[in-house]
Amino acid sequence: MFNINIMSDKPIYEQIIDSIKELSLKHILKPDDKLPSVRQMASMLSVNPNTVSKAYQELERQKIIYTVRGRGTFMSAYSERPIDYERLEKALEGLRNICVELVHLGYDKNKIYEEIDKIQLGIEGGIK
Numbered sequence: 001m002f003n004i005n006i007m008s009d010k011p012i013y014e015q016i017i018d019s020i021k022e023l024s025l026k027h028i029l030k031p032d033d034k035l036p037s038v039r040q041m042a043s044m045l046s047v048n049p050n051t052v053s054k055a056y057q058e059l060e061r062q063k064i065i066y067t068v069r070g071r072g073t074f075m076s077a078y079s080e081r082p083i084d085y086e087r088l089e090k091a092l093e094g095l096r097n098i099c100v101e102l103v104h105l106g107y108d109k110n111k112i113y114e115e116i117d118k119i120q121l122g123i124e125g126g127i128k
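Using the UniProt record's numbering, the first residue of the sequence shown is number 1, and each one after it goes up by one.
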């Protein structure tokens, strides 16, 4: 369920964050769904509990999840997530960089749109 690659250059806590966000977008994780506890998630992924805790703290800061003391950690509803303009700007800058790279690889605007459509279908339909 959670895609973690220990050989990746990307830190494991960031991979956990990305995985939870993707599962949310694919509606596999829905608002108010309970997430595994930090210890359970660490055991499932064979990682240090501090790594999972760091991921959960960042997801909570981004309002992707929320914690109820004594009950657990849950997914937030989309409507409860305010726009984080700093993150949005970073994401758009990343998209700009990717588009520039694709143009240098020979992609035209239509081919870039096709790739974006494929990605969107994968997110919405659970297909990669």
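All C-beta atoms, glycine included, are put in the ideal place defined by N, C-alpha and C.
Per-residue DSSP class, three states only, for residue i
i: G72; result: strand
i: Y66; result: strand
i: K30; result: coil
i: L105; result: coil
i: I4; result: coil
i: K21; result: helix
i: D117; result: helix
i: N97; result: helix
i: K90; result: helix
i: V52; result: helix
Residue i vs residue j beta-carbon contact at 8 Å
i: S24; j: N3; result: no
i: F74; j: I65; result: yes
i: C99; j: I112; result: yes
i: K34; j: G70; result: no
i: D32; j: Q62; result: no
Buried versus exposed, by CB contacts within 10 Å (16 or more), residue i
i: I17; result: buried
i: A77; result: exposed
i: Y13; result: buried
i: L121; result: exposed
i: Q41; result: Note that residue 41 corresponds to Met in the displayed sequence, not to Gln. Classification of M41: buried, given that the 10 Å Cβ count is 16 or more.
i: L45; result: buried
Identified DSSP bridge partners for residue i
i: L35; result: T73
Top-ranked residue by Cα proximity to residue i, from the options
i: M1; options: N48, V68, I116 and P36; result: P36
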